[in-house]
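Asks:
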Amino acid sequence: MPERREYAMQPKPASNELQRNAPESGTAREAYDVIVVGLGTAGAVAVIAAARKGLRVLGIDRHTSMGGAGTAGGVLGYYFGSRGGLFEEIDAKVPATEKSVYTPSYGVNAEGKQYVLEREAVEAGATIRYDTTVTGVLTEGRTVTGIECFSPELGRYTATSRVVIDATGNADVCRLAGCELRGGREFDGQAQPFSNALFKLDGERVRAYYTDSGYVFPEDPDSMSEAIVESALLSTHLKAQYDEERRFMRIAPQLGVRESQFIVGEDNVTLASFLEEDYSREPLFMAYSNLDNHSKDVAFESGLQRDWTVAASLWGLKFTVPIPLGALIPKGFDGLLAAGRCLAVDHDMASCVRMKRDMQKCGEAAAYAAYLAVSKQIPLREVPYPELAGLLRDAGCLSERDKVYFEHRVAAQDDKANGPIRWLEDVTEIRSGLSDVKPGVAIWSAKRLGDKIRPHLLEWIGPVEPEHLRKHSAMALALLGSPEAAPVLRDMVRERDPFVPLTSLKYNQARGYAAVYLLGRLADKEAVPDLLRILESREGFTYIDRNKEFLSDEQDLRFQYVSYALMALASIGDRHEETRRTVGEAFGRFLSQLDGSLVISFKGSSEIRNVMDDKIRQLIDRTFRRWGKPVPNPV
Numbered sequence: 001m002p003e004r005r006e007y008a009m010q011p012k013p014a015s016n017e018l019q020r021n022a023p024e025s026g027t028a029r030e031a032y033d034v035i036v037v038g039l040g041t042a043g044a045v046a047v048i049a050a051a052r053k054g055l056r057v058l059g060i061d062r063h064t065s066m067g068g069a070g071t072a073g074g075v076l077g078y079y080f081g082s083r084g085g086l087f088e089e090i091d092a093k094v095p096a097t098e099k100s101v102y103t104p105s106y107g108v109n110a111e112g113k114q115y116v117l118e119r120e121a122v123e124a125g126a127t128i129r130y131d132t133t134v135t136g137v138l139t140e141g142r143t144v145t146g147i148e149c150f151s152p153e154l155g156r157y158t159a160t161s162r163v164v165i166d167a168t169g170n171a172d173v174c175r176l177a178g179c180e181l182r183g184g185r186e187f188d189g190q191a192q193p194f195s196n197a198l199f200k201l202d203g204e205r206v207r208a209y210y211t212d213s214g215y216v217f218p219e220d221p222d223s224m225s226e227a228i229v230e231s232a233l234l235s236t237h238l239k240a241q242y243d244e245e246r247r248f249m250r251i252a253p254q255l256g257v258r259e260s261q262f263i264v265g266e267d268n269v270t271l272a273s274f275l276e277e278d279y280s281r282e283p284l285f286m287a288y289s290n291l292d293n294h295s296k297d298v299a300f301e302s303g304l305q306r307d308w309t310v311a312a313s314l315w316g317l318k319f320t321v322p323i324p325l326g327a328l329i330p331k332g333f334d335g336l337l338a339a340g341r342c343l344a345v346d347h348d349m350a351s352c353v354r355m356k357r358d359m360q361k362c363g364e365a366a367a368y369a370a371y372l373a374v375s376k377q378i379p380l381r382e383v384p385y386p387e388l389a390g391l392l393r394d395a396g397c398l399s400e401r402d403k404v405y406f407e408h409r410v411a412a413q414d415d416k417a418n419g420p421i422r423w424l425e426d427v428t429e430i431r432s433g434l435s436d437v438k439p440g441v442a443i444w445s446a447k448r449l450g451d452k453i454r455p456h457l458l459e460w461i462g463p464v465e466p467e468h469l470r471k472h473s474a475m476a477l478a479l480l481g482s483p484e485a486a487p488v489l490r491d492m493v494r495e496r497d498p499f500v501p502l503t504s505l506k507y508n509q510a511r512g513y514a515a516v517y518l519l520g521r522l523a524d525k526e527a528v529p530d531l532l533r534i535l536e537s538r539e540g541f542t543y544i545d546r547n548k549e550f551l552s553d554e555q556d557l558r559f560q561y562v563s564y565a566l567m568a569l570a571s572i573g574d575r576h577e578e579t580r581r582t583v584g585e586a587f588g589r590f591l592s593q594l595d596g597s598l599v600i601s602f603k604g605s606s607e608i609r610n611v612m613d614d615k616i617r618q619l620i621d622r623t624f625r626r627w628g629k630p631v632p633n634p635v
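What follows is the structure, given as structure tokens:
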């Protein structure tokens, strides 16, 4: 799909103009305690939870159903997330409805859940309005006091409230209110790929199926429209013939967007602060997942994500993340909460804090925070945590036993290895881990120990040491910034080391291109000839990993080597000015040879290929501009 404007997802304060638009005279005014905008994964639960507390609740959505990704989005199962809360009660009521009315399905029946959510909301006393779009936000200073919206039934009207919960997923209300937003990765503003789920008949039951389908900027209507149409025409969906194996029923009416924009909150949950053990001790709930980033061009992700995913192959490591109330409150605002995937996380952490279970809990937590703010007539940031935690514990969203922990994601037959892990501190244990085919925890433990372990790592990279110990010690040293690791890493690059560690269940990264990345991290100028040879070669990339979910074939593997080599050469040139002429000439030649053969596949289907030429041009263009050189015109 065509590349979108890169600035669309960059941090920026949103426009205030719409919030200042005065409502038209004669429009209806309604008063509520809480208004929930967006009745998807988080918003549907927020409406029910708030109404059950006796609040006057209005829930609006531009679609015609409740539940979001788990209903209209066709994601019927769960991928991690923590247990407990109102959503489990809702899910438990769906099978009875499915049995009496709807076609049986695998997972939680989409139509059945829509019905149960609507029934529970109405029985709790909430007002639900579909086909309704927010057109403005009412404010008094920096306090949100209601919304202006439009629906075919009522036209343009306003509704006031003590608290507005933005559960749009895209921070639409927060944008209209003028809250500061950010989103996407730093390199190009790109979010994770989206999916377009479809329903098919499997035997006598409905099964939802999806692959990654491309990239989209949800706040851009042109981008969304293009994604909806083009993804439905992909070969994964549109077949020349449908037989018994492909009893296609329909495409899900809602696009599966994993990430868009996030608020800048009173508290911000970032991967960097979390890994440094700087996190809240007053959580609303504990998010739980691995860093499930679906992007395969990881060379363009943050340095921290490359350290975690590429150098240590820790993609599959699951962990719990405390989410505080401040992560739901836009910085400097009152009367407004963000619930769902637009809460205050960064791009790196968003791949973990987005699972359906957790986002349903987020909606419930927002409802209880709103309830306390309304009943006590206090600002949201002054909601007393002990009382809020009590409500959350009573509902099952929070437990006294909740704590931060890490654990492996392993294959079913390897369950004995599953369970909380601890970062290693004992030298003997670290040596053993680095000598193993699952070195990730030992590599990261060494990174955490820093200078305490450095002398041992320097000893273990000696030529007489076993291969795994020597190479993995060099990788750990590179994470510590030690140039002594470079000779071992260069050898790994020259042999294009095909070894793929077994640290994670899948998405492990080949040691050869991990070494390329680390040489760039070290800005090792002696590696320039070896890195240039990668750019000059189209063959010799041997892929031996049995798991094909991250890399499908040698084409995917070649892109990993090339993208990391380009990034490494750019980093070396940034540090060593004397290399810029050689690197610049090589970049110019490489630009002239781009022919669409540099591609990556999307997760779930090797038949969809994304041509990466534009990303490569973007990288080289930025590098030349940093160096003050004219960008060469491709021949």
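Heads up: the sequence shown at position 497 corresponds to 497 in this note's numbering, and the numbers run straight through without jumps. All residues carry an ideal CB built from backbone N, CA and C; glycine is no exception.
#1: Using 8 Å for Cβ pairs, my map puts Gly-68 next to Thr-97. What's the rounded Cβ distance?
#2: Compare the C-alpha of Ala-515 against each of His-472, Gly-81 and Val-36 and name the closest.
#3: For a minimum of 4 consecutive residues, which ranges assigned as the alpha helix (DSSP H) are wholly contained in the stretch 369 to 411?
#4: Closer than 8 Å by C-beta to Gly-540: which residues in its own chain qualify, once you throw out the five before and the five after it? Chain order, please.
#5: What would DSSP say about Phe-602, mapped onto helix, strand or coil?
#6: Within 10 Å of its beta-carbon, does Gln-114 have 16 or more other beta-carbons around it, so buried, or fewer, so exposed?
#7: Taking the straight line between their C-alpha atoms, what separation do you get for Asn-610 and Val-599?
#8: Closest by CA to Gly-155, which one among Glu-140, Asp-131 and Arg-142?
#9: Taking the alpha helix (DSSP H) that Lys-200 belongs to, which residues open and close that run?
#10: Hey, could you find the ends of the beta strand (DSSP E) Phe-248 is sitting in?
#11: Can you give me the Cβ contacts of Gln-509 inside the same chain, cut-off strictly under 7 Å, excluding the 5 residues immediately before and after it?
#12: Spatial neighbours of Gly-107 within its chain, please: CB distance less than 6 Å, with the 5 preceding and 5 following residues excluded, ordered by chain position.
#13: Expressed to the nearest angstrom, what Euclidean distance is found between the alpha-carbon atoms of Leu-55 and Ala-344?
#14: Would a C-beta distance cut-off of 8 Å place Ile-430 and Ala-446 closer than the cut-off?
#15: On the DSSP bridge list, what partners appear for Ala-287?
#16: If we require 3 or more residues per run, which beta strand (DSSP E) segments fall completely within the stretch 298 to 345?
#17: Where are the alpha helix (DSSP H) runs, 4 residues long or more, that stay fully inside the stretch 496 to 572, in chain order?
#18: What whole-angstrom Cβ distance do Tyr-561 and Gly-520 have, given they're in contact under 8 Å?
#19: Since Ile-645 is in the beta strand (DSSP E), which residue starts that stretch and which ends it?
#20: Can you name the start and end residues of the alpha helix (DSSP H) that Asp-491 belongs to?
#21: Could you spell out where the beta strand (DSSP E) holding Ala-96 opens and where it closes?
#22: In whole angstroms, what separates the C-alpha of Lys-615 from that of Phe-587?
#23: Classify Val-464 as buried or exposed, calling it buried when 16 or more other Cβ atoms lie within 10 Å of its own Cβ.
#24: With 16 as the cutoff for other CB atoms within 10 Å, does Gly-628 come out buried or exposed?
#25: Are Phe-624 and Pro-193 close, meaning C-beta to C-beta below 8 Å?
#26: How far does the alpha helix (DSSP H) with Asp-172 in it reach, from first residue to last?
#27: May I ask you to report which of helix, strand or coil DSSP gives Pro-455?
#28: Residues bridged to Val-437 by DSSP?
#29: Give every residue of the same chain whose Cβ lies closer than 8 Å to the Cβ of Cys-362, excluding the five residues on either side of it in the sequence, and list them in chain order.
#30: Relative to the C-alpha of Ser-195, which candidate in His-294, Ala-50 and Gly-573 has its C-alpha closest?
#31: Less than 6 Å between C-beta atoms, sequence neighbours within five positions excluded: which residues of the same chain meet that for Arg-29?
#32: For Asp-414, which residues of its own chain have a beta-carbon under 8 Å away from its beta-carbon, when the five flanking residues on both sides are left out?
#33: In the structure shown, what three-state DSSP assignment does Tyr-157 receive?
#34: Could you pull out every residue in the same chain whose Cβ sits closer than 7 Å to the Cβ of Gly-85, ignoring the five residues on either side in sequence?
#35: Cα separation between Asp-621 and Leu-566?
#36: Quick one: using the 10 Å Cβ neighbour count with 16 as the cut-off for buried, is Thr-133 buried or exposed?
Replies: Taking the coordinates as given:
#1: On the sequence shown, residue 68 is found 68 positions in, with the first residue counted as 1. On the sequence shown, residue 97 is found 97 positions in, with the first residue counted as 1. Not confirmed; about 18 Å, so no contact.
#2: Mapped onto the sequence shown, residue 515 falls at position 515. When only C-alpha atoms are compared, the closest one is His-472.
#3: The DSSP assignment places complete alpha helix (DSSP H) segments of no fewer than 4 residues inside the stretch 369 to 411 at 385 to 395, in order along the chain.
#4: Position 540 of the sequence shown, counted from the first residue, corresponds to residue 540. The answer, listed in chain order, is Arg-496.
#5: Locating residue 602 in the sequence shown gives position 602, where the first residue counts as 1. For Phe-602, the secondary structure class from DSSP, reduced to helix, strand or coil, is strand.
#6: Locating residue 114 in the sequence shown gives position 114, counting from the first residue. Around the beta carbon of Gln-114, 16 or more other beta carbons sit within 10 angstroms, so the residue counts as buried.
#7: On the sequence shown, residue 610 is found 610 positions in, with the first residue counted as 1. On the sequence shown, residue 599 is found 599 positions in, with the first residue counted as 1. Between Asn-610 and Val-599, the C-alpha separation is close to 5 Å.
#8: Locating residue 155 in the sequence shown gives position 155, where the first residue counts as 1. Scanning Glu-140, Asp-131 and Arg-142 for the CA closest to the CA of Gly-155 turns up Asp-131.
#9: On the sequence shown, position 200 is the one that residue 200 refers to. Counting along the chain, Lys-200 falls outside any alpha helix (DSSP H), though it belongs to the beta strand (DSSP E) covering 198 to 202.
#10: Your numbering for residue 248 matches position 248 in the sequence shown. DSSP places Phe-248 in the uninterrupted beta strand (DSSP E) bounded by 248 to 251.
#11: Position 509 of the sequence shown, counted from the first residue, corresponds to residue 509. The residues are Thr-309, Val-310 and Ser-313.
#12: The count along the sequence shown starts at 1 and reaches residue 107 at position 107. Excluding positions up to five away in sequence, the list reads Leu-76 and Gly-77.
#13: The count along the sequence shown starts at 1 and reaches residue 55 at position 55. The count along the sequence shown starts at 1 and reaches residue 344 at position 344. Rounded to the nearest angstrom, the two C-alpha atoms are 26 Å apart.
#14: Within the sequence shown, residue 430 is the residue found at index 430, counting from 1. Within the sequence shown, residue 446 is the residue found at index 446, counting from 1. In contact: Ile-430 and Ala-446 (Cβ atoms closer than 8 Å).
#15: As a working note, residue 287 is residue 287 in the sequence shown. Listed as beta-bridge partners of Ala-287 by DSSP are Val-321.
#16: With a minimum length of 3 residues, the continuous beta strand (DSSP E) runs that stay inside the stretch 298 to 345 are 318 to 324 and 336 to 338.
#17: You should have 511 to 522 and 528 to 536.
#18: As a working note, residue 561 is residue 561 in the sequence shown. As a working note, residue 520 is residue 520 in the sequence shown. About 12 Å separates the beta carbon of Tyr-561 from that of Gly-520, a gap too long to meet the 8 Å contact definition.
#19: Outside the shown range of the chain, which is 1 to 635, sits residue 645, and nothing can be said about it.
#20: Within the sequence shown, numbered from 1, the residue matching residue 491 stands at position 491. Segment 486 to 494, the alpha helix (DSSP H) holding Asp-491.
#21: Along the sequence shown, one-based indexing puts residue 96 at 96. For Ala-96, there is no enclosing beta strand (DSSP E); the residue is found in the alpha helix (DSSP H) stretching over 86 to 100.
#22: Locating residue 615 in the sequence shown gives position 615, counting from the first residue. Locating residue 587 in the sequence shown gives position 587, counting from the first residue. Distance between the alpha carbons of Lys-615 and Phe-587: 13 Å.
#23: Taking the first residue of the sequence shown as 1, we reach residue 464 at position 464. Around the C-beta of Val-464, fewer than 16 other C-beta atoms lie within 10 Å, and the residue is accordingly described as exposed.
#24: Your numbering for residue 628 matches position 628 in the sequence shown. Gly-628 sits exposed, since fewer than 16 C-beta atoms from the chains shown fall within 10 Å of its C-beta.
#25: Locating residue 624 in the sequence shown gives position 624, counting from the first residue. Locating residue 193 in the sequence shown gives position 193, counting from the first residue. With contacts defined by Cβ atoms closer than 8 Å, Phe-624 and Pro-193 do not form a contacting pair.
#26: Numbered from its first residue, the sequence shown carries residue 172 at position 172. 172 to 177 is the extent of the alpha helix (DSSP H) around Asp-172.
#27: In the sequence shown, counting from the first residue as 1, residue 455 sits at position 455. Correct three-state label for Pro-455: helix.
#28: What you label residue 437 is simply residue 437 of the sequence shown in a count that begins at 1. Per DSSP, none; premise fails for Val-437.
#29: Counted from its first residue, the sequence shown places residue 362 at position 362. Cβ neighbours of Cys-362 beyond the five flanking positions: Ala-42, Leu-284, Phe-285, Ile-323, Leu-328, Ala-339, Gly-340 and Leu-343.
#30: Taking the sequence shown and counting its residues from 1, one reaches residue 195 at position 195. Its Cα nearest to that of Ser-195, the residue His-294 stands out among His-294, Ala-50 and Gly-573.
#31: By one-based count along the sequence shown, residue 29 stands at place 29. Answer for Arg-29: Thr-158, listed in chain order.
#32: The residue labelled residue 414 in the question sits at position 414 within the sequence shown. Any answer about Asp-414 is weak, because its pLDDT of 45 lies below 50 and its placement is not dependable; what the coordinates show is given next. Same-chain partners within the cutoff: there are none.
#33: For the purposes of this step, residue 157 is identified with residue 157 of the sequence shown, where counting begins at 1. Three-state result, Tyr-157: strand.
#34: Here the question's residue 85 lines up with position 85 in the sequence shown. Gln-360, Lys-361, Glu-364, Ala-395, Gly-396 and Cys-397.
#35: Taking the first residue of the sequence shown as position 1, residue 621 is located at position 621. Taking the first residue of the sequence shown as position 1, residue 566 is located at position 566. Whole-angstrom Cα-Cα distance: 12 Å.
#36: For the purposes of this step, residue 133 is identified with residue 133 of the sequence shown, where counting begins at 1. When all chains shown are included, Thr-133 counts as exposed.
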